[in-house]
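To start, the structure itself, in structure tokens.
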Amino acid sequence: MQTRVLTGITTTGTPHLGNYVGAIRPAIEASRRADVDAFFFMADYHALIKSDDAARIERSRLEIAATWLAAGLDPARVTFYRQSDIPEIPELTWFLTCVAGKGMLNRAHAYKAAVDRNTESGEDPDAGISAGLYMYPVLMAADILAFDAHKVPVGRDQIQHIEMARDLGQRFNHLHGREFFVLPEALIEEQVATLPGLDGRKMSKSYDNTIPLFAGGSKPLREAIMRIVTDSRLPGEPKDPDNSALFTIFRAFASGPETAAFRQALLDGLGWGDAKQMLYQRIDADVAPMRERYAAFMADPLAIEAILQEGARKARAVATPKLAALRDALGLRSATASPAKAAAPKAASKQGKAPRFASFRDAEGNFRFRLFAADGEELLLSMPFADPKAVGALQQRIRQLGVAAAVTRVQPHGLALELDGERVASTPDYGDATRRDEALPRLQAALGQLAAQD
Ligand code: TRP
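What the sequence shown shows, in our numbering, is residues -18 to 435, in sequence order.
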């Protein structure tokens, strides 16, 4: 079973060493695991809440995409896209807005902090606060719920947002009586050290204490390292590695033995100037090859664009059928589409006018089933199972899920049904994309009818 891991990166700044160690490197490592289906995206709609500087947003989107690709993200393995290329996200934002309690949004930390600042300075509580900031958690919930993500790696400051996404998903599921959305969990990497900045506080843009990752080449990296604050112990005096930002940063890049040797050298009186030089060399050994790839990507925005367009296509292969099913469940149906529930009066099943499962044993002796529409059209063929009970359980599960919770993934010429990140059944090969798209409402209608019979 694959776990879908999804995370967003707000496109306002230029990535620094703390972003690399705390977010980029662990996310890319996780994405290489066979049991992880990674979705990473640039949260450029969120960036609009923080910045109205178009040039800065544009530059940041490019820099962040180039950074992740240069750092080793494999776009063939990971679904890597821009939020603003996925129209299903703002559409789902509205559906979730309609179930979001205003009181819940009043309690969001970022909004509350802005209100508190206003109150302290004697202003109107909502002075200068946009509805965008207020709605930030709903947009973020849509990012997550549109893709049925199981795990969301985030910093501690984002835990409340993940809880709100769960809350909204749950509320929607409850209101509409089905398991529409996977309820996501925050993934807080305990072992990943938050990197200290130049002054020893957490490395952060807002403290202005960052060390650049790629920007400007190796010179700004070296210059920043030389500015790391140390105590005034002289060369020859023993240093205290455990209270040194410099040592903590070294450890984030070095192997165990390298770290032990560096620690010993500090205890033996290594001068801070030499220690900084060693730190620079250690970091640059990792960063230099990535920096070259970064420069190549930055020089070729069209290559990045092509990668992101392909990522958007893969992301929409999940989100488009999901939103189509949600629209249907909410009553936003076209009169030409067969209304999923109305078409399934209970009596119909007695006359055999309902979709049905048919189980069989295939040539290899495995158990499978087909799903037929009410008119007899074959809609799905399941994967093979050694255990006949698994086939029965799967049919039961599909009945319970119904149209909105079943995850359909668009393939070049067909559709696949997924459960818990695993493909469980596929449609026939329709030969082209048009016939495949025409088949989607028929499959969804059948799933809706099955659920209605339940
Ligand atoms: N709010 C997140 C941050 O500032 C970025 C983000 C937007 C995000 N949408 C997301 C993270 C969805 C995880 C999942 O870090």
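Ideal placement from N, C-alpha and C gives every residue a C-beta, glycine not left out.
Original post:
Curious, which full-length beta strand (DSSP E) runs of at least 3 residues does the region 161 to 207 contain?
Top reply: Entirely contained in the region 161 to 207, the beta strand (DSSP E) runs reaching 3 residues are, in chain order, 166 to 168.
Original post:
Under 8 Å from any heavy atom of the ligand TRP, does the C-beta of residue 133 make it?
Top reply: yes
Subject >> Run of the alpha helix (DSSP H) containing residue 372, from where it starts to where it stops >> reply: 369 to 386
Original post:
How is residue 363 classed by DSSP in three states: helix, strand or coil?
Top reply: strand
Subject >> Same chain, Cβ closer than 6 Å to residue 329, neighbours up to 5 away in sequence not counted >> reply: A caution first: residue 329 carries a pLDDT of 47, below 50, which makes its placement in the model unreliable, though a value can still be read off. Correct list, in chain order: 335.
Subject >> Near the ligand TRP: residue -16 beta-carbon under 8 Å from a heavy atom >> reply: no
Original post:
Name the DSSP bridge partner or partners of residue 405?
Top reply: Paired residues: none, contrary to the question.
**OP:** Determine, using beta carbons only, whether residue 73 comes closer than 9 Å to chain D.
**Re:** Among the chains in the structure shown there is no chain D, since it carries only a single protein chain.
Subject >> Delimiting residues of the beta strand (DSSP E) encompassing residue 340 >> reply: 337 to 342
Original post:
By Cβ distance below 8 Å, which residues in the same chain neighbour residue 349 in space, the five residues on each side in sequence not counted?
Top reply: 340, 341, 342, 343, 362, 363, 364, 365, 366, 372
Original post:
Start and end of the alpha helix (DSSP H) containing residue 219?
Top reply: For residue 219, no alpha helix (DSSP H) segment is defined, and its DSSP state is neither H nor E.
Original post:
When we look at the beta-carbon of residue 325 and count the other beta-carbons within 10 Å, is it buried (16 or more) or exposed?
Top reply: Model confidence at residue 325 stands at a pLDDT of 45, short of 50, so the residue's coordinates are unreliable; what they give is reported in the following sentence. Residue 325 is buried by the Cβ-count criterion.
Original post:
Thinking C-alpha only, which one of 353, 369, 338, 357 is nearest residue 347?
Top reply: 369
Original post:
So is residue 399 buried or exposed if we call it buried at 16+ other beta carbons inside 10 Å?
Top reply: buried
Original post:
Is residue 136 near the ligand TRP, in the sense that its beta carbon is under 8 Å from a heavy atom of that ligand?
Top reply: yes
**OP:** Report the rounded CA-to-CA distance for residue 228 versus residue 218, giving the unit in angstroms.
**Re:** 16 Å
Original post:
Okay, do the region 61 to 72 and the region 287 to 303 touch, 3+ Cβ pairs below 8 Å being the bar?
Top reply: yes
Original post:
When the distance is taken between beta carbons, is residue 95 closer than 9 Å to residue 114?
Top reply: yes
**OP:** Decide yes or no for the touch test of the region 250 to 267 against the region 26 to 33: beta carbon pairs closer than 8 Å, at least 3 of them.
**Re:** no
Original post:
From residue 445 to residue 386, what does the alpha carbon distance come to, in whole angstroms?
Top reply: Outside the shown range of the chain (-18 to 435) lies residue 445, about which nothing can therefore be said.
**OP:** Taking residue -8 as the reference, give the member of 39, 302, 15, 86 with the closest Cα.
**Re:** 39
Original post:
Which residue spans inside the region 15 to 65 form an unbroken beta strand (DSSP E) run of at least 3?
Top reply: 17 to 24, 60 to 63
Subject >> Three-pair Cβ contact test at 8 Å for the region 137 to 156 versus the region 115 to 123 >> reply: yes
Subject >> Member of 392, 384, 50 whose CA lies at the smallest distance from the CA of residue 158 >> reply: 384
Original post:
Which of the three DSSP states, helix, strand or coil, is assigned to residue 422?
Top reply: helix
Original post:
With DSSP run on the structure shown, which of helix, strand or coil describes residue 323?
Top reply: Confidence at residue 323 is low in this model, with a pLDDT of 46, below 50, so the placement of that residue should be treated as unreliable; the coordinate-derived value is given next. In the structure shown, residue 323 sits in coil (DSSP, three-state: anything other than H, G, I, E or B).
**OP:** Measure the beta-carbon distance from residue 195 to residue 51 and round it to whole angstroms, keeping in mind my assumption that it falls under 8 Å.
**Re:** 7 Å
**OP:** Decide if the region 235 to 255 is in contact with the region 8 to 18; the criterion is three or more beta carbon pairs, one per stretch, under 8 Å apart.
**Re:** Note that the region 235 to 255 does not touch the region 8 to 18; fewer than 3 beta-carbon pairs, one per stretch, sit closer than 8 Å.
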